[in-house]
Amino acid sequence: MSLLHAAILLPFILAVGIPLLSSLLRSAHTGWFVLPGPALLFAYFLSRIPAVQEGQSITAAVRWIPSLGIDFTVYLDGLGLLFALLITGLGSLVVLYSIFYLDKSKEAVDRFYVYLLLFMGAMLGVVISDNLMVLYGFWEFTSISSFLLIAFWHRRERSRYGALKSMLITVFGGFAMLAGFILLYLMTGTFSIREIIGQADAIANHALLLPAMLLILLGAFTKSAQFPFHIWLPDAMEAPTPVSAYLHSATMVKAGLYLVARFSPVFAGGAEWFWLVSGFGLFSLVYGSYRAIKQTDLKALLAFSTVSQLGLIMSLLGFGSAAAYYSGTGDYQLYAAAIAAAVFHLINHAIFKGALFMVAGIVDHETGTRDIRKLGGLMAFMPVTFSAALIGAFSLAGLPPFNGFLSKEMFFRAALQMLRMDIWNMQTWSVLFPVVAWTGSVFTFLYSMLLLFRTFTGKLQPDKLEKKPHEAPLGMLLPPLVLGLLAVVFGLFPNLLAYTLIEPAVASILPRELSAAGKFKVDIYFWHGWTAELFMTIAIVAAGTILYKLYRRLTVLNRPLLRRISLNAAYDGGLRSLEMASQRLTNAYMTGSVRRYLIYILTFFIVALGLTMIGSDAFRFDTSGYADMSAYEAAVAAALILAAVAVPFARSRLTAIILTGAVGYMVTLFFVLFRAPDLALTQMIVETVSVTLFLLCFYHLPKLRREKLNVRFKLTHVLISAGVGILVTLIALSASGSRAFDSISDYYLAESYNSAGGRNVVNVILVDFRGFDTLLEIMVLGIASLGIYALIKLGADSGAGGLQTPAPRPAKQTSIRLPASNDVILRTVSKGAITIILFYSWYLFYAGHHNPGGGFIGGLLTASALVLMSMAFGMKLSTRILPVDFRRVMALGLLVALLTGIGSFAFDAPFLSHAYDYFDLPLLGEIGLATAVLFDLGVYLAVVGVTMTIIYTIGRDI
Numbered sequence: 006m007s008l009l010h011a012a013i014l015l016p017f018i019l020a021v022g023i024p025l026l027s028s029l030l031r032s033a034h035t036g037w038f039v040l041p042g043p044a045l046l047f048a049y050f051l052s053r054i055p056a057v058q059e060g061q062s063i064t065a066a067v068r069w070i071p072s073l074g075i076d077f078t079v080y081l082d083g084l085g086l087l088f089a090l091l092i093t094g095l096g097s098l099v100v101l102y103s104i105f106y107l108d109k110s111k112e113a114v115d116r117f118y119v120y121l122l123l124f125m126g127a128m129l130g131v132v133i134s135d136n137l138m139v140l141y142g143f144w145e146f147t148s149i150s151s152f153l154l155i156a157f158w159h160r161r162e163r164s165r166y167g168a169l170k171s172m173l174i175t176v177f178g179g180f181a182m183l184a185g186f187i188l189l190y191l192m193t194g195t196f197s198i199r200e201i202i203g204q205a206d207a208i209a210n211h212a213l214l215l216p217a218m219l220l221i222l223l224g225a226f227t228k229s230a231q232f233p234f235h236i237w238l239p240d241a242m243e244a245p246t247p248v249s250a251y252l253h254s255a256t257m258v259k260a261g262l263y264l265v266a267r268f269s270p271v272f273a274g275g276a277e278w279f280w281l282v283s284g285f286g287l288f289s290l291v292y293g294s295y296r297a298i299k300q301t302d303l304k305a306l307l308a309f310s311t312v313s314q315l316g317l318i319m320s321l322l323g324f325g326s327a328a329a330y331y332s333g334t335g336d337y338q339l340y341a342a343a344i345a346a347a348v349f350h351l352i353n354h355a356i357f358k359g360a361l362f363m364v365a366g367i368v369d370h371e372t373g374t375r376d377i378r379k380l381g382g383l384m385a386f387m388p389v390t391f392s393a394a395l396i397g398a399f400s401l402a403g404l405p406p407f408n409g410f411l412s413k414e415m416f417f418r419a420a421l422q423m424l425r426m427d428i429w430n431m432q433t434w435s436v437l438f439p440v441v442a443w444t445g446s447v448f449t450f451l452y453s454m455l456l457l458f459r460t461f462t463g464k465l466q467p468d469k470l471e472k473k474p475h476e477a478p479l480g481m482l483l484p485p486l487v488l489g490l491l492a493v494v495f496g497l498f499p500n501l502l503a504y505t506l507i508e509p510a511v512a513s514i515l516p517r518e519l520s521a522a523g524k525f526k527v528d529i530y531f532w533h534g535w536t537a538e539l540f541m542t543i544a545i546v547a548a549g550t551i552l553y554k555l556y557r558r559l560t561v562l563n564r565p566l567l568r569r570i571s572l573n574a575a576y577d578g579g580l581r582s583l584e585m586a587s588q589r590l591t592n593a594y595m596t597g598s599v600r601r602y603l604i605y606i607l608t609f610f611i612v613a614l615g616l617t618m619i620g621s622d623a624f625r626f627d628t629s630g631y632a633d634m635s636a637y638e639a640a641v642a643a644a645l646i647l648a649a650v651a652v653p654f655a656r657s658r659l660t661a662i663i664l665t666g667a668v669g670y671m672v673t674l675f676f677v678l679f680r681a682p683d684l685a686l687t688q689m690i691v692e693t694v695s696v697t698l699f700l701l702c703f704y705h706l707p708k709l710r711r712e713k714l715n716v717r718f719k720l721t722h723v724l725i726s727a728g729v730g731i732l733v734t735l736i737a738l739s740a741s742g743s744r745a746f747d748s749i750s751d752y753y754l755a756e757s758y759n760s761a762g763g764r765n766v767v768n769v770i771l772v773d774f775r776g777f778d779t780l781l782e783i784m785v786l787g788i789a790s791l792g793i794y795a796l797i798k799l800g801a802d803s804g805a806g807g808l809q810t811p812a813p814r815p816a817k818q819t820s821i822r823l824p825a826s827n828d829v830i831l832r833t834v835s836k837g838a839i840t841i842i843l844f845y846s847w848y849l850f851y852a853g854h855h856n857p858g859g860g861f862i863g864g865l866l867t868a869s870a871l872v873l874m875s876m877a878f879g880m881k882l883s884t885r886i887l888p889v890d891f892r893r894v895m896a897l898g899l900l901v902a903l904l905t906g907i908g909s910f911a912f913d914a915p916f917l918s919h920a921y922d923y924f925d926l927p928l929l930g931e932i933g934l935a936t937a938v939l940f941d942l943g944v945y946l947a948v949v950g951v952t953m954t955i956i957y958t959i960g961r962d963i
């Protein structure tokens, strides 16, 4: 595992460590322990600048699922390094800011930092991953973690609403992006982004290229809040200000820009890419800036400002796609300058918008409001905050000598360059590019001045403020001041960025033939003479100043154009319609009758599988390979059939439980006859534990009543049960009678010892060959046990936060109980039996690699010993004898199994790879040791934890 892999994993490791350290932190703010993490990562990525600047790329791979072409491959080039620096640098400042913004005594700061670190790690994974499937996984993880951050104040309805809206829209785009990735794989045969870019010419005329492009752009537009998907961003402002400053100015909303930039070498040669990217970008620029001037909430204004600025950068990436059409004279550098402008403004926007969000948080924190109508005159009370706001607002407005002025001039130059374009039949429409760019910039100037002067100048309104205004503490002021200082430094000395970050990033975005034609030079300076873009800036200042003076009089500027029709109304209406439709559908079949639910499920099972088998002509039977049935097998089969047929006719639940157990034990005998001791042991223990669970569950039910049922009721049961039984039997016979492939059992028999060092083929399959299946299975078991625990606790603990009062226990109970037994013989015998069972379970666990046994069987047998203890001594006494929280045992088992799988990465091996060898140990002699035993230990602990959690939860009051 490389340092790049470690850089991605570090935030996740810190996130896991925060809850473990929470009891040790006590009075200290958690942020102080989190801050070194992103700061260390920022320093690491800074150290990579010289190598990337020289044109080197850093790559490393960890094998994951090589058969599917999915590996955890990381790739750091100019573009990835730029985003990594933004993620970790802004992340460090946001963590410092949040230490003073969030009060540990009033806020769940531990939870906040867990979510923040999870998001940071996911974003790093997005921008450094080279594998499409890994990138998608991190992409959706950013949506989930941002959902948790936006809903941090989850008791507020607006916070929950904003979090849900952001997740629905971005996850919808993420699914579309995944479909686009799959189409790229079908075209290229690889998930590697670098290899896909290398085949860009070969797939240029492929029929799937346009659908893939549209789907990937849908994911990018939803993430980067492009119109009409921008509606989630203003509502996401309900998150704490540190979240807004981080997610919605520098990281999450920039993920869509990263996606467009990364795939520009693949798609940029088409007119569709140019028009979609630049068109949506320019429309978002004007629309976002126009909506921003109507806002009265500081964060809402900044949210629409973010939509506008993201549109500006998106349009520049669209302009830059024209570089693919250079005529061979070297003019492509004029078009590629748009890419440089996009990269430069992306950096500038993160700097000045992060500072402005932090200023908005300071104003809210120190005055109690963000409403511009209530603010004014704060400059005298908050001079330092005003200084940071002035730098940020002027940079956002594009005024010298700040960094925003330079990138805005480059934007104008790129828009004017579109007038010279002689491709894609755009001469007629090319004049719109500079016009739209200038219009959006006028509105940008206007809302920047509104934000600055209406907040900090004018008359103070102390009666409208919740707090007496005062300057924020130094720790809260330091991050926006650092960002403001960077805005000034990068404005006065822009080539500090040009040669170190912008040029390598541009080289990563340009199509391969252009980057190979010669290194693109970036040289940024203030004075270009009396150029057209300078006159455009002067006109912006003049027009913006006039609009600012007339703002209160021009109602069209501060009132919505359409009151009843809006995208938000369409979203809310659509969501309500979906909820109502789903509610009606659910009410149609969710009648509360378990019988009806089983009828629906089993009928669908019969129809779907039956039609599939008939349609594919899969019912084929070959009895030539069947062995003769012995007398023992016939006797066991007859007993099994009789027990199964008798179950529906049982007149008490106890009789039904005994007959059901008899069916299970007959199956155990079959496994014994077929010489499958592992399966026999497992089946026998499962049946024992299942019978106990049935007893516990039926204890809570009223007495079984046999009512006279009509013929239709009985006939329905007979038909469905017969249909399921016959269909499953036919499928089993067809599967065994016709094989499309050779049986894999021969491979397992041959390689069980050679490849895994174990002679027990069954256990080796569970922990080695099919270990991933086993890991998922114990996770499912764990989730099921926690679901049972939560379901019962919700009904039982109404006084401790439960949702409802438990229903009174029925007056008439069945005679099935599991109380503490008064049988002296049972208690005496059980003491010895429990000891024997426990020792035998441990033997099965340790011997399982070569002999019948293993972690699953050993865990079940240990659980059965504990069940026996509960039956003999009662639930309450047994919990005092063994005061163990089995939920933690289950969690420990899952963690051990997972860490065993992850540990293989350290040896550059696929997930859950195992190793074994033989060692000479004192007294024991030569003995084989396998890492699979550690995984098996996790399975053992998980099975014990799951089983006993369910047993103790259901039998808590018995």
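If you want this note's numbering, it's the position in the sequence shown, counting the first as 1, plus 5.
Ideal Cβ positions, reconstructed from N, Cα and C, are used throughout, including at glycine.
Own chain partners of residue i with C-beta closer than 8 Å, once the 5 adjacent residues on each side are dropped
{"i": "Tyr80", "result": "Ser62, Ile63, Thr64, Ile133, Ser134, Asp135, Ile198 and Arg199"}
Nonlocal neighbours in the same chain, by C-beta distance under 7 Å from residue i, ignoring five residues either side
{"i": "Val729", "result": "Leu607, Phe610 and Ile611"}
{"i": "Val652", "result": "Ala661, Leu664 and Thr665"}
{"i": "Tyr845", "result": "Leu866"}
{"i": "Trp847", "result": "Gly863"}
Where the alpha helix (DSSP H) through residue i begins and ends
{"i": "Thr78", "result": "Careful: Thr78 lies outside any alpha helix (DSSP H), inside the beta strand (DSSP E) at Ile75 to Leu81."}
{"i": "Arg459", "result": "Leu437 to Phe461"}
{"i": "Ala260", "result": "Ala260 to Arg267"}
{"i": "Ala184", "result": "Glu162 to Thr193"}
{"i": "Thr596", "result": "From DSSP, Thr596 is part of no alpha helix (DSSP H); its letter is neither H nor E."}
{"i": "Trp847", "result": "Val829 to Ala852"}
{"i": "Asp115", "result": "Val114 to Ile133"}
{"i": "Phe234", "result": "Where Phe234 is concerned, there is no enclosing alpha helix (DSSP H), given that its DSSP letter is neither H nor E."}
{"i": "Arg199", "result": "Ile198 to Gly203"}
{"i": "Glu471", "result": "Unbroken run through Glu471: none, as it is neither H nor E."}
Residue span of the beta strand (DSSP E) that contains residue i, given as start and end
{"i": "Thr64", "result": "Ile63 to Ile70"}
Best match in the options for proximity to residue i [C-alpha to C-alpha]
{"i": "Val511", "options": "Ala346, Leu287 and Ala44", "result": "Ala346"}
{"i": "Gly669", "options": "Val696, Arg656 and Leu942", "result": "Val696"}
{"i": "Leu780", "options": "Gly906, Ser739 and Glu243", "result": "Gly906"}
{"i": "Tyr998", "options": "Thr449, Ile955 and Thr35", "result": "The question about residue 998 has no answer here: the residues shown for the chain are numbered 6 through 963."}
{"i": "Val114", "options": "Ile770, Pro24, Arg558 and Phe309", "result": "Pro24"}
{"i": "Arg600", "options": "Phe654, Arg589, Ser726 and Tyr530", "result": "Ser726"}
{"i": "Thr193", "options": "Ala217, Thr175 and Met182", "result": "Ala217"}
{"i": "Arg53", "options": "Thr78, Val694 and Gly83", "result": "Gly83"}
Buried or exposed by the 16-neighbour rule on C-beta atoms within 10 Å, applied to residue i
{"i": "Gln422", "result": "buried"}
{"i": "Ile619", "result": "exposed"}
{"i": "Ile646", "result": "exposed"}
{"i": "Met481", "result": "buried"}
{"i": "Leu319", "result": "It should be noted that the sequence gives Met, not Leu, for residue 319. The residue is buried, with at least 16 neighbouring Cβ atoms inside 10 Å."}
{"i": "Pro815", "result": "Interpretation of Pro815 is limited by its pLDDT of 43, a score under 50 that renders its predicted location unreliable; no figure is taken from the coordinates."}
{"i": "Ile18", "result": "exposed"}
{"i": "Ser571", "result": "exposed"}
Contact set for residue i: own chain, Cβ-Cβ below 6 Å, skip 5 residues either direction
{"i": "Ser97", "result": "Pro43, Ala44 and Phe47"}
{"i": "Leu491", "result": "Ile356"}
{"i": "Leu189", "result": "Ile201 and Ala217"}
{"i": "Leu137", "result": "Phe186 and Phe196"}
{"i": "Gly403", "result": "Gly409, Phe410 and Lys413"}
(message) My parser needs the beta strand (DSSP E) runs of 3 or more residues fully inside the segment 893-929; what are they?
(response) Contiguous beta strand (DSSP E) elements confined to the segment 893-929 occur at 921-926, taking only those with 3 or more residues.
(request) Could you tell me which uninterrupted alpha helix (DSSP H) segments, each at least 4 residues in length, are contained entirely in the segment 236-318, listed from first to last along the chain? (result) List check, alpha helix (DSSP H) in window: 237-240, 246-252, 260-267, 269-272 and 276-297.
(message) Report the start-end ranges of each beta strand (DSSP E) in the segment 706-735 that is 3 residues or longer and not cut off at the edges.
(response) Whole beta strand (DSSP E) segments, 3+ residues: zero.
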